[in-house]
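full-length UniProt numbering puts the first residue of the sequence shown at 1, with every later residue one more than the last.
Note that the Cβ used here is the ideal one computed from N, Cα and C, for glycine as well.
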Amino acid sequence: MFTTGDEITFSHDQWRRLRITMLPAYRPLAAWLHTDVQPNLAALDQFAEVLGQAATNRETVNGNGCWIEFRPNDVVIGSLYDRWEPLPVPTGLFWPVLSGLRGFLLGAAAEPGLTRPDGYPAVSRMTTRRPPPTGGRPVLVDRTYFPPEWSEQQVQQAAAGAWGSAEALYDEHTGTWSGLWCGGELAGYYDPATGTVQSYFPVLAP
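Now the structure itself:
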(Lines of atoms letter the chains of each structure in order from A and count residues from 1; the text may use other names and numbers.)
(Lines give C-alpha, C1' and ligand atoms only; values in the text may rest on other atoms or scores of the structure.)
Protein backbone atom coordinates (compact mmCIF):
# COMPACT_ATOMS: atom_id res chain seq x y z
CA MET A 1 0.00 0.00 0.00
CA PHE A 2 2.90 2.32 0.80
CA THR A 3 6.24 2.19 -0.98
CA THR A 4 9.47 3.36 0.58
CA GLY A 5 12.31 5.39 -0.87
CA ASP A 6 14.89 8.09 -0.25
CA GLU A 7 12.31 10.88 -0.49
CA ILE A 8 8.63 11.44 0.28
CA THR A 9 6.39 11.71 -2.76
CA PHE A 10 2.65 11.73 -3.48
CA SER A 11 0.60 10.54 -6.44
CA HIS A 12 -2.89 9.30 -7.33
CA ASP A 13 -3.68 5.85 -8.65
CA GLN A 14 -6.26 5.18 -11.37
CA TRP A 15 -9.04 5.13 -8.77
CA ARG A 16 -8.21 8.61 -7.41
CA ARG A 17 -6.64 7.19 -4.26
CA LEU A 18 -3.67 8.88 -2.64
CA ARG A 19 -0.45 6.87 -3.00
CA ILE A 20 2.54 7.68 -0.82
CA THR A 21 6.23 6.89 -1.02
CA MET A 22 7.67 7.29 2.48
CA LEU A 23 11.05 7.17 4.17
CA PRO A 24 11.42 3.60 5.53
CA ALA A 25 11.57 4.66 9.19
CA TYR A 26 8.37 6.71 8.95
CA ARG A 27 5.70 4.33 7.65
CA PRO A 28 3.31 5.36 10.48
CA LEU A 29 3.49 8.90 9.10
CA ALA A 30 2.24 7.56 5.76
CA ALA A 31 -0.57 5.70 7.53
CA TRP A 32 -1.62 8.87 9.35
CA LEU A 33 -1.57 10.91 6.15
CA HIS A 34 -3.72 8.36 4.34
CA THR A 35 -6.30 7.59 7.02
CA ASP A 36 -6.46 10.73 9.16
CA VAL A 37 -5.37 13.63 6.96
CA GLN A 38 -6.85 12.33 3.67
CA PRO A 39 -6.48 13.74 0.13
CA ASN A 40 -9.07 16.52 0.12
CA LEU A 41 -7.68 20.06 -0.13
CA ALA A 42 -10.48 21.88 1.70
CA ALA A 43 -10.53 19.30 4.49
CA LEU A 44 -6.74 19.47 4.78
CA ASP A 45 -6.84 23.24 5.22
CA GLN A 46 -9.43 22.91 7.99
CA PHE A 47 -7.50 20.09 9.64
CA ALA A 48 -4.31 22.17 9.51
CA GLU A 49 -6.07 24.77 11.66
CA VAL A 50 -7.00 22.05 14.15
CA LEU A 51 -3.39 20.86 14.21
CA GLY A 52 -2.09 24.38 14.70
CA GLN A 53 -4.40 24.89 17.67
CA ALA A 54 -3.39 21.54 19.13
CA ALA A 55 0.29 22.36 18.71
CA THR A 56 -0.13 25.70 20.48
CA ASN A 57 -2.11 24.18 23.36
CA ARG A 58 -0.13 20.90 23.48
CA GLU A 59 -3.34 18.94 22.88
CA THR A 60 -3.73 15.38 21.67
CA VAL A 61 -5.61 14.79 18.42
CA ASN A 62 -7.38 11.48 17.81
CA GLY A 63 -8.26 10.70 14.20
CA ASN A 64 -9.75 7.79 12.32
CA GLY A 65 -6.94 5.47 13.26
CA CYS A 66 -4.11 7.42 14.89
CA TRP A 67 -3.42 9.78 17.76
CA ILE A 68 -0.85 12.53 17.66
CA GLU A 69 0.71 14.44 20.51
CA PHE A 70 2.70 17.64 20.15
CA ARG A 71 5.98 18.07 22.01
CA PRO A 72 8.52 20.90 21.86
CA ASN A 73 10.69 19.34 19.14
CA ASP A 74 8.61 16.57 17.64
CA VAL A 75 5.14 15.18 17.01
CA VAL A 76 4.43 11.67 18.29
CA ILE A 77 2.21 9.51 16.07
CA GLY A 78 0.56 6.53 17.75
CA SER A 79 -1.94 3.90 16.64
CA LEU A 80 -5.41 3.76 18.19
CA TYR A 81 -5.32 0.03 17.38
CA ASP A 82 -1.82 -0.76 18.71
CA ARG A 83 -0.40 -1.37 15.26
CA TRP A 84 3.01 0.23 16.00
CA GLU A 85 5.03 1.76 18.80
CA PRO A 86 4.52 5.54 19.12
CA LEU A 87 6.80 7.23 16.60
CA PRO A 88 8.38 10.68 17.24
CA VAL A 89 8.47 12.71 14.03
CA PRO A 90 10.69 15.84 14.11
CA THR A 91 8.70 19.03 13.65
CA GLY A 92 11.16 19.90 10.89
CA LEU A 93 9.77 16.94 8.95
CA PHE A 94 6.13 16.90 10.11
CA TRP A 95 5.06 20.37 8.97
CA PRO A 96 6.93 20.35 5.63
CA VAL A 97 5.32 17.00 4.77
CA LEU A 98 1.87 18.49 5.36
CA SER A 99 2.80 21.49 3.21
CA GLY A 100 4.09 19.14 0.53
CA LEU A 101 0.84 17.18 0.52
CA ARG A 102 -1.12 20.41 0.24
CA GLY A 103 1.03 21.52 -2.68
CA PHE A 104 0.48 18.19 -4.41
CA LEU A 105 -3.30 18.35 -3.93
CA LEU A 106 -3.41 21.94 -5.12
CA GLY A 107 -1.44 21.13 -8.24
CA ALA A 108 -3.57 18.07 -9.04
CA ALA A 109 -6.94 19.73 -8.34
CA ALA A 110 -7.70 20.47 -12.00
CA GLU A 111 -6.95 16.96 -13.28
CA PRO A 112 -10.09 15.67 -15.04
CA GLY A 113 -9.54 12.16 -13.72
CA LEU A 114 -10.17 13.36 -10.17
CA THR A 115 -13.76 14.44 -10.85
CA ARG A 116 -16.15 12.73 -8.47
CA PRO A 117 -18.57 10.33 -10.16
CA ASP A 118 -22.32 10.92 -10.03
CA GLY A 119 -23.88 9.59 -6.87
CA TYR A 120 -20.65 9.81 -4.88
CA PRO A 121 -21.49 9.33 -1.16
CA ALA A 122 -21.75 12.52 0.89
CA VAL A 123 -18.87 11.85 3.31
CA SER A 124 -18.62 14.33 6.18
CA ARG A 125 -15.86 15.30 8.59
CA MET A 126 -16.17 16.75 12.07
CA THR A 127 -13.90 17.88 14.90
CA THR A 128 -15.09 17.64 18.50
CA ARG A 129 -13.49 17.98 21.92
CA ARG A 130 -14.07 15.04 24.23
CA PRO A 131 -12.94 14.26 27.79
CA PRO A 132 -11.01 10.99 28.17
CA PRO A 133 -12.95 8.17 29.89
CA THR A 134 -10.38 8.10 32.69
CA GLY A 135 -10.37 11.87 33.19
CA GLY A 136 -7.69 14.39 32.41
CA ARG A 137 -7.42 16.93 29.63
CA PRO A 138 -9.92 16.71 26.76
CA VAL A 139 -8.67 15.50 23.40
CA LEU A 140 -9.57 16.79 19.96
CA VAL A 141 -11.31 14.14 17.85
CA ASP A 142 -11.29 14.62 14.09
CA ARG A 143 -12.97 11.90 12.02
CA THR A 144 -14.83 11.20 8.81
CA TYR A 145 -18.37 9.81 8.82
CA PHE A 146 -20.58 7.84 6.49
CA PRO A 147 -23.67 9.60 5.08
CA PRO A 148 -26.19 10.00 7.93
CA GLU A 149 -28.98 8.47 5.85
CA TRP A 150 -27.09 5.18 5.52
CA SER A 151 -28.35 2.34 7.68
CA GLU A 152 -26.01 0.20 9.74
CA GLN A 153 -26.55 -2.56 7.20
CA GLN A 154 -25.45 -0.27 4.37
CA VAL A 155 -22.32 0.72 6.28
CA GLN A 156 -21.41 -2.89 6.97
CA GLN A 157 -22.08 -3.83 3.36
CA ALA A 158 -19.79 -1.04 2.16
CA ALA A 159 -17.05 -2.08 4.60
CA ALA A 160 -17.21 -5.74 3.59
CA GLY A 161 -17.32 -4.84 -0.08
CA ALA A 162 -14.32 -2.53 0.14
CA TRP A 163 -12.29 -4.96 2.26
CA GLY A 164 -12.80 -7.72 -0.28
CA SER A 165 -12.68 -5.58 -3.42
CA ALA A 166 -10.35 -6.43 -6.28
CA GLU A 167 -8.71 -3.02 -5.80
CA ALA A 168 -8.01 -3.50 -2.08
CA LEU A 169 -4.54 -2.66 -0.78
CA TYR A 170 -3.00 -3.80 2.51
CA ASP A 171 0.09 -2.69 4.42
CA GLU A 172 1.22 -5.34 6.89
CA HIS A 173 3.75 -2.97 8.49
CA THR A 174 1.11 -0.53 9.77
CA GLY A 175 -2.07 -2.59 9.45
CA THR A 176 -3.54 -0.01 7.08
CA TRP A 177 -5.94 -1.06 4.33
CA SER A 178 -7.84 0.63 1.52
CA GLY A 179 -10.62 -0.64 -0.76
CA LEU A 180 -13.32 0.57 -3.12
CA TRP A 181 -17.09 0.33 -2.93
CA CYS A 182 -19.51 1.91 -5.41
CA GLY A 183 -16.90 4.36 -6.64
CA GLY A 184 -15.80 5.54 -3.20
CA GLU A 185 -12.78 4.66 -1.06
CA LEU A 186 -12.97 3.15 2.38
CA ALA A 187 -9.89 2.73 4.53
CA GLY A 188 -9.17 1.32 7.94
CA TYR A 189 -6.91 -0.83 10.06
CA TYR A 190 -6.57 -4.58 10.45
CA ASP A 191 -4.49 -7.06 12.42
CA PRO A 192 -1.93 -8.52 9.97
CA ALA A 193 -1.38 -11.52 12.24
CA THR A 194 -5.01 -12.65 12.07
CA GLY A 195 -6.44 -10.75 9.11
CA THR A 196 -9.15 -9.31 11.36
CA VAL A 197 -10.58 -5.93 10.37
CA GLN A 198 -10.34 -3.52 13.31
CA SER A 199 -11.84 -0.38 11.77
CA TYR A 200 -13.25 1.15 8.61
CA PHE A 201 -14.29 4.64 7.61
CA PRO A 202 -14.91 6.67 4.45
CA VAL A 203 -12.16 8.64 2.74
CA LEU A 204 -12.87 12.13 1.44
CA ALA A 205 -12.12 12.15 -2.28
CA PRO A 206 -10.11 15.01 -3.83
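Beta-carbon proximity list for residue i, same chain, < 8 Å, skipping 5 on both sides
{"i": "Gln53", "result": "Glu59 and Leu140"}
{"i": "Gly119", "result": "Cys182 and Gly183"}
{"i": "Trp15", "result": "Glu167, Leu180 and Glu185"}
{"i": "residue 214", "result": "This structure leaves residue 214 out entirely; the chain is present only between 1 and 206."}
Residue j beta carbon less than 8 Å from that of residue i
{"i": "Leu98", "j": "Pro39", "result": "no"}
{"i": "Tyr81", "j": "Gly164", "result": "no"}
{"i": "Thr127", "j": "Leu204", "result": "no"}
{"i": "Trp67", "j": "Val75", "result": "no"}
{"i": "Arg125", "j": "Pro138", "result": "no"}
{"i": "Thr35", "j": "Gly63", "result": "yes"}
{"i": "His12", "j": "Ala108", "result": "yes"}
Rounded separation between residue i and residue j - CA only
{"i": "Gly184", "j": "Leu29", "result": "23 Å"}
{"i": "Leu87", "j": "Leu18", "result": "22 Å"}
{"i": "Tyr26", "j": "Ala162", "result": "26 Å"}
{"i": "Thr9", "j": "Ile20", "result": "6 Å"}
{"i": "Ser151", "j": "Asn73", "result": "44 Å"}
{"i": "Val42", "j": "Glu149", "result": "It is worth fixing the name first, because residue 42 is Ala in this sequence and not Val. Spanning the two alpha carbons is a distance of roughly 23 Å."}
{"i": "Pro131", "j": "Asn57", "result": "15 Å"}
{"i": "Pro206", "j": "Leu44", "result": "10 Å"}
{"i": "Trp177", "j": "Thr194", "result": "14 Å"}
{"i": "Glu49", "j": "Pro112", "result": "28 Å"}
Distance between beta carbons of residue j and residue i, contact taken as under 8 Å
{"i": "Val37", "j": "Leu101", "result": "7 Å"}
{"i": "Tyr200", "j": "Gly188", "result": "4 Å"}
{"i": "Pro117", "j": "Pro147", "result": "So it is not a contact: roughly 15 Å between Cβ atoms."}
{"i": "Pro24", "j": "Val123", "result": "At roughly 31 Å, the Cβ-Cβ gap does not stay under 8 Å, so Pro24 and Val123 are not in contact."}
Per DSSP, cross-strand counterpart(s) of residue i
{"i": "Pro88", "result": "Val76"}
{"i": "His12", "result": "Leu18"}
{"i": "Met1", "result": "DSSP lists no partner for Met1."}
{"i": "residue 207", "result": "Residue 207 cannot be examined here, being either before or after the span of the chain that is shown, 1 to 206."}
{"i": "Ser199", "result": "Tyr189"}
{"i": "Ile69", "result": "A small correction: the amino acid at residue 69 is Glu; Ile does not occupy that position in the sequence shown. Partner(s): Thr60 and Val76."}
{"i": "Arg143", "result": "Met126"}
{"i": "Asp171", "result": "Thr176"}
7 Å CB neighbourhood of residue i in its chain, flanking five on each side removed
{"i": "Trp95", "result": "none"}
{"i": "Thr196", "result": "Tyr190"}
Other residues of its chain near residue i: CB distance less than 6 Å, five sequence neighbours each side excluded
{"i": "Glu85", "result": "none"}
{"i": "Pro90", "result": "Asp74"}
{"i": "Ala55", "result": "Phe70"}
{"i": "Trp32", "result": "Cys66 and Ile77"}
heavy atom of the ligand COA below 7 Å from residue i C-beta
{"i": "Pro112", "result": "In the structure shown, the ligand COA is absent, as is every other ligand, since no ligand is present at all."}
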